[in-house]
Amino acid sequence: MADVSMAGVQPRGAKPRRRFSGSNIMLYGVLFVVSVYYLLPLWVMVMTSLKGMPEIRMGNIFAPPVEITFQPWVKAWSEACTGLNCDGLSRGFWNSVLITVPSVIISIIVASVNGYALVNWRFKGSEVFFTILIFGSFIPYQIMLYPIVILLRELGIYGTLYGLILVHTIFGMPILTLLFRNYFSSLPEELFKAARVDGAGFWRIYFQIMVPMSLPIFVVALILQITGIWNDFLFGVVFTKPEIYPMTVQLNNIVNSVQGVKEYNVNMAATLLTGLVPLFVYFVSGKLFVRGIAAGAVKG
Amino acid sequence: MTHSIQVKDLTLSFGSVSVLKNMNIDVAEGEFIVLLGPSGCGKSTLLNCLAGLLDITDGEIWIKGKNVTWAEPSERGIGMVFQSYALYPQMTVRGNLSFGLKNARMPKEEIDKRIARAAEILQIGPLLDRKPAALSGGQRQRVAIGRALVRDVDVFLFDEPLSNLDAKLRSELRVEIKRLHSRLNNTMVYVTHDQIEALTLADRIAVMRGGIIQQLAAPQEIYNRPSNLFVAGFIGSPSMNFLHGATVEGGRAFQFGATRIDLAGYEGGAILERPKAILGLRPEHLVIQDHAELGLTIPAVVEIDEPMGADSLVWLEAEGGLKMSVRVPVERRMSAGTQVHLKVDIAKASIFDTVSEQRV
Numbered sequence: 001m002a003d004v005s006m007a008g009v010q011p012r013g014a015k016p017r018r019r020f021s022g023s024n025i026m027l028y029g030v031l032f033v034v035s036v037y038y039l040l041p042l043w044v045m046v047m048t049s050l051k052g053m054p055e056i057r058m059g060n061i062f063a064p065p066v067e068i069t070f071q072p073w074v075k076a077w078s079e080a081c082t083g084l085n086c087d088g089l090s091r092g093f094w095n096s097v098l099i100t101v102p103s104v105i106i107s108i109i110v111a112s113v114n115g116y117a118l119v120n121w122r123f124k125g126s127e128v129f130f131t132i133l134i135f136g137s138f139i140p141y142q143i144m145l146y147p148i149v150i151l152l153r154e155l156g157i158y159g160t161l162y163g164l165i166l167v168h169t170i171f172g173m174p175i176l177t178l179l180f181r182n183y184f185s186s187l188p189e190e191l192f193k194a195a196r197v198d199g200a201g202f203w204r205i206y207f208q209i210m211v212p213m214s215l216p217i218f219v220v221a222l223i224l225q226i227t228g229i230w231n232d233f234l235f236g237v238v239f240t241k242p243e244i245y246p247m248t249v250q251l252n253n254i255v256n257s258v259q260g261v262k263e264y265n266v267n268m269a270a271t272l273l274t275g276l277v278p279l280f281v282y283f284v285s286g287k288l289f290v291r292g293i294a295a296g297a298v299k300g
Numbered sequence: 001m002t003h004s005i006q007v008k009d010l011t012l013s014f015g016s017v018s019v020l021k022n023m024n025i026d027v028a029e030g031e032f033i034v035l036l037g038p039s040g041c042g043k044s045t046l047l048n049c050l051a052g053l054l055d056i057t058d059g060e061i062w063i064k065g066k067n068v069t070w071a072e073p074s075e076r077g078i079g080m081v082f083q084s085y086a087l088y089p090q091m092t093v094r095g096n097l098s099f100g101l102k103n104a105r106m107p108k109e110e111i112d113k114r115i116a117r118a119a120e121i122l123q124i125g126p127l128l129d130r131k132p133a134a135l136s137g138g139q140r141q142r143v144a145i146g147r148a149l150v151r152d153v154d155v156f157l158f159d160e161p162l163s164n165l166d167a168k169l170r171s172e173l174r175v176e177i178k179r180l181h182s183r184l185n186n187t188m189v190y191v192t193h194d195q196i197e198a199l200t201l202a203d204r205i206a207v208m209r210g211g212i213i214q215q216l217a218a219p220q221e222i223y224n225r226p227s228n229l230f231v232a233g234f235i236g237s238p239s240m241n242f243l244h245g246a247t248v249e250g251g252r253a254f255q256f257g258a259t260r261i262d263l264a265g266y267e268g269g270a271i272l273e274r275p276k277a278i279l280g281l282r283p284e285h286l287v288i289q290d291h292a293e294l295g296l297t298i299p300a301v302v303e304i305d306e307p308m309g310a311d312s313l314v315w316l317e318a319e320g321g322l323k324m325s326v327r328v329p330v331e332r333r334m335s336a337g338t339q340v341h342l343k344v345d346i347a348k349a350s351i352f353d354t355v356s357e358q359r360v
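Protein sequence lines, in the order shown, are assigned to chains H and X.
Throughout the first sequence, residue numbering follows full-length UniProt numbering, covering 1 to 300 in sequence.
Throughout the second sequence, residue numbering follows full-length UniProt numbering, covering 1 to 360 in sequence.
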């Protein structure tokens, strides 16, 4: 398909139009190929999820469904079985909501205050503190799994949602603190000074001066955390138990179940359902996300 | 006269780097002090110390007879105006002005009264409900001044308030700040690197370099009797002509190459005989004439004539390739290569010791 559009723009007739200059053809060509590369799997998934099993068995995975059915979606949401539970992905969805919402809120609040304090209220050893915090993000998660299991057990929250929320909050800290610190240090220092001369304290400056100026970076943090925590599999499977598995773990259990027929249409529908939340978040806040990333990147 | 600000032995160091060294300044009530110096000289740092935004290493700061060395910025009775205006972008002008007052839990009627007064003084009444983004640079700086004004403080601190403005606005606001000072009669400490601002605004100028005050005196004194070579070279544009030579005849004359200049009438200390000395002559204190006068003139050759509107600047080359500049009336055109003689007004000259760089 890519070749068709390119073949049509051989120089002919009058002066060639500028938008089909050589570099543009390269640009659009590459963009087209890349988007096909990314969209094709999505196409296959959506189409397969709307087909019945007999039609899938005929092959032709790229063909649109002859007869559209939403049954696989219904089954994935409310009937698919994982182990003994046969209430579909809905259970995992709500578990994920219960995990994601508090983790995101707590981690963003704590990290933004961290970043603000590290930039504007430097204390003795604040740089060391920050370095240690950042260093934490370089340690592979696998190394920490077992110690955390013991830690959570001692705290009495192993295998509970609280435990997982705590883990997500802590693991989000390095990157989020870095993000907020960089953003706040890009804000003019004189604003902070002016507020201090105006008699505002730590929290008043934070809430009335810093936060209102930082919407883009809060959106970035929100997206990073929602998608990160929603898509998490490792912590979910290690620190929880079957009744409270997050959606990703449950999806894996549905797709990888060994008994019975492989229901590709249900699997596809379940995967799409799981991916809908991050997708939705990106669509809603994409513009703010880009703006925030750019703003935070100016000064390190 | 009572002291408004007293800085006693103030020292500030970051680790092993000392930024301000043993500073002592007394500022009288209602005085306009300008801290002037090249960038990195510590003038803004000193201002931040006065404001309480930087903790000092040693020494004391007194404002209005109170030791405020460790007081919070808001408790020092100061208002501060920043170079970047530092207006809170999400608040209206009114919100910006009232932020500090609300923090001090002032009753609403009092806040309104003070805002009205500031708006009247600074003519920002129509702007009160706008956001800073909708203001021009000059308006923003007016609001920033207003924010200090509403706090009804004894001391105003200005941190290069006009540096972000274009030349025309800068001179307008400069006059306005002067007017504000004569109306309010507050103590003002003003940081700038612009010597025109310093010379026009200040009651006294503190010329700083490397964290040390080089000279603290009235503008005319600084201009006419710079206490050392640095101050002499920093103040004045184009800068002072420096002639490297020696004082001879027991300090009665200055020898520069083959030229001998009579020092009778020099206003300063005992000149003595110095094998190495520098004679400083401002471009406006030299007169170009076509005949030599013994002991009074320096021979030179005209190189370039720069008309500058009100007057013109003539660049010459004197003995030993020394470049000199002289300010002349604009009508007087000089052609390159002309041999002339520069008459020295010794009463307005400065002599410096080459080693100590101090004025004698």
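We treat Cβ as the ideally placed atom computed from N, Cα and C, and that holds for glycine.
Quick caveat: nothing in here was measured; it's all calculated off a predicted structure.
Kindly indicate which three-state DSSP category residue i falls into: helix, strand or coil?
i, result
"I61 (chain H)", "coil"
"N164 (chain X)", "coil"
"W121 (chain H)", "coil"
"H193 (chain X)", "coil"
"A297 (chain H)", "Caution is warranted here: a pLDDT of 41 is assigned to A297 (chain H), below 50, making its placement in the model unreliable, and the coordinate value is therefore given only provisionally. Helix at A297 (chain H)."
"L342 (chain X)", "strand"
"L322 (chain X)", "coil"
"F129 (chain H)", "helix"
"R105 (chain X)", "coil"
"M1 (chain H)", "Low per-residue confidence applies at M1 (chain H): pLDDT is 43, beneath 50, and the placement is therefore not dependable enough to give any value."
"W315 (chain X)", "strand"
"R151 (chain X)", "coil"
"V66 (chain H)", "coil"
"E293 (chain X)", "coil"
"A246 (chain X)", "strand"
"V261 (chain H)", "coil"
"Q71 (chain H)", "helix"
"G40 (chain X)", "coil"
"T200 (chain X)", "helix"
Which residues in chain H have a C-beta closer than 8 Å to the C-beta of residue i? List them in chain order.
i, result
"A86 (chain X)", "P188, E190, L191, K193, A194"
"A104 (chain X)", "G199"
"L53 (chain X)", "K193, R196, V197"
"M80 (chain X)", "K193, A194, V197"
"F99 (chain X)", "A195, D198, A200, Q208"
Below 9 Å on C-beta distance, what does residue i contact in chain X?
i, result
"M213 (chain H)", "Y88, P89, Q90"
Would you mind telling me which residues of chain X sit closer than 7 Å to residue i, beta carbon to beta carbon, in chain order?
i, result
"I209 (chain H)", "Y88"
Closer than 6 Å: is that where the CB of residue i sits relative to any heavy atom of the ligand ATP?
i, result
"S186 (chain H)", "Because no ligand of any kind appears in the structure shown, any question about the ligand ATP cannot be addressed here."
Which residues of chain X have a Cβ atom closer than 8 Å to the Cβ of residue i, listed in chain order?
i, result
"R204 (chain H)", "N103"
Go through its chain and collect everything with a Cβ distance to residue i's Cβ below 7 Å, but skip five positions before and after it.
i, result
"R327 (chain X)", "P283, E284, D311, L313"
"N24 (chain H)", "none"
"Y141 (chain H)", "L234"
Residues in the same chain with beta-carbon distance under 8 Å from residue i, minus the five sequence neighbours each way, listed in chain order, please.
i, result
"D26 (chain X)", "H3, I5, Q6, V7"
"M173 (chain H)", "S107, V110, A111, N114, L133, G136"
"I150 (chain H)", "none"
To the nearest whole angstrom, what separates the beta carbons of residue i and residue j, a pair I think is in contact under 8 Å?
i, j, result
"Q139 (chain X)", "L127 (chain X)", "6 Å"
"T169 (chain H)", "S107 (chain H)", "4 Å"
"V221 (chain X)", "V248 (chain X)", "Strictly speaking, residue 221 (chain X) in this sequence is Glu, with Val absent from that position. With a Cβ gap of about 28 Å, E221 (chain X) and V248 (chain X) do not count as contacting."
"E160 (chain X)", "T192 (chain X)", "6 Å"
"L101 (chain X)", "I111 (chain X)", "5 Å"
"V237 (chain H)", "V219 (chain H)", "Rounded, the Cβ-Cβ distance is 29 Å, inconsistent with contact."
Leaving out the 5 sequence neighbours to the left and right, which residues in its chain are closer than 6 Å to residue i when beta-carbon positions are compared?
i, result
"D9 (chain X)", "N22, G59"
"S5 (chain H)", "Unreliable placement is indicated for S5 (chain H), whose pLDDT of 49 sits below 50; no coordinate value is reported for it."
"I254 (chain H)", "A80, T82, A270"
"Q339 (chain X)", "V301"
"P72 (chain H)", "S49, N265, V266, A269"
"A118 (chain X)", "G146, L149, V150"
"W62 (chain X)", "Q6"
Can you list, in chain order, the residues of the stretch 57-76 of chain X whose Cβ is nearer than 9 Å to any Cβ on chain H?
-> Result list: E72, P73, S74, E75, R76.
Selection of the stretch 17-43 of chain X by Cβ proximity to chain H, strictly under 7 Å | Result list empty, no residue passes.
Taking only beta carbons into account, state which residues of the stretch 127-156 of chain X come closer than 9 Å to chain H, listed in chain order.
-> A144, R147, A148, R151
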